[in-house]
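Peer 1: Count along the sequence shown from 1, add 368, and you get the number used in the numbering used here.
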Amino acid sequence: MKPILSIVIFLLMSFCHFIEAQSKIKLFNNKNLEGWYAYEPESGKHRTASDIFHVDHNMIRLYGDRVGYLMSNQSFKNFKLTVEYKWNIDSNFIQKSDKKNSGVMYLISADTKDTLWPKGFQFQIKEGATGDFVLLQDVTLFIKGLKTEPGRSVVSPRFLDAEKPIGNWNTLVINCLNGNIKQLLNGEIVNEGTLWRGQKIYCSGNIPDMKKPSFNEA
């Protein structure tokens, strides 16, 4: 089974928790990137994630102009993922586009090769669009009773804007249970849908800081 959680960061992240069998699993130990590997297209997979990402003041950070992601070594199926993030506003941060843009990707099948970007779902973290679904490489969802069209990168807009001003910490939650997905931001449901057939989970991003990830698998 492919690791379920991965994170592509240009964010500052204070990481997630997953909850498995009703117990909380802390995915980031606030000290190092044990339990993760990194990927970026030029150099490929890095089993030592600190080759690309680093931990600073209990946050996972990425500087420079490389685009890549972190992937957890563990896999999960039904779960609740919690991530705290804020946008990187340091003066030495290199921004590659007009709007800060990142995300948490999930539901990635076991045989998917590391690439930008793999087949799966994304909780978009982007200025003016945080909470959108991004459906990559032909995956689909039923949203409000309608099936989305397959495509390379299909965006289903968020229901509402719940992001805090830049510089503040935000809390995102992804609930995935028996094919039903809810994306929450700061306590508000910003998107939800239902898988049309069995699929799995992962995460990605570009420009915030993150902390305190936690996961619960039901």
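Glycine residues also receive a C-beta, built at the ideal position from the N, C-alpha and C atoms.
Under 8 Å: do the segment 527-535 and the segment 474-483 share three or more Cβ pairs, one atom per stretch?
Peer 2: No, they do not touch.
Peer 1: Taking contact to mean at least 3 C-beta pairs separated by less than 8 Å, is the segment 398-405 in contact with the segment 416-426?
Peer 2: Flag = yes, the segment 398-405 and the segment 416-426 touch.
Peer 1: What does the alpha-carbon distance come out to for the pair Asn554 and Ser443?
Peer 2: About 25 Å.
Peer 1: With burial defined as no fewer than 16 other Cβ atoms inside 10 Å of the residue's Cβ, what is the status of Ala389: buried or exposed?
Peer 2: With a pLDDT of only 46 at Ala389, under the threshold of 50, the placement of this residue in the model should not be trusted; the figure read from the coordinates follows. With fewer than 16 other Cβ atoms within 10 Å, it is exposed.
Peer 1: Hey, Ile542 and Ser524: beta-carbon distance below 7 Å or not?
Peer 2: No. Outside cutoff.
Peer 1: Could you check if Ser440 is buried or exposed, using at least 16 other CB atoms within 10 Å of its CB as the buried criterion?
Peer 2: By the neighbour-count rule (16 or more Cβ atoms within 10 Å), Ser440 is buried.
Peer 1: Select from Thr516, Leu552, Asn538 and Asn446 the residue whose C-alpha is nearest the C-alpha of Leu503.
Peer 2: Ranking the options by Cα distance to Leu503, first place goes to Thr516.
Peer 1: Using the Cα positions of Ser411 and Gly436, report the straight-line distance between them to the nearest angstrom.
Peer 2: Distance between the alpha carbons of Ser411 and Gly436 is about 10 Å.
Peer 1: Which residues does DSSP pair with Glu402 in a beta bridge?
Peer 2: DSSP, once it has assigned bridges, lists no residue as partnering Glu402.
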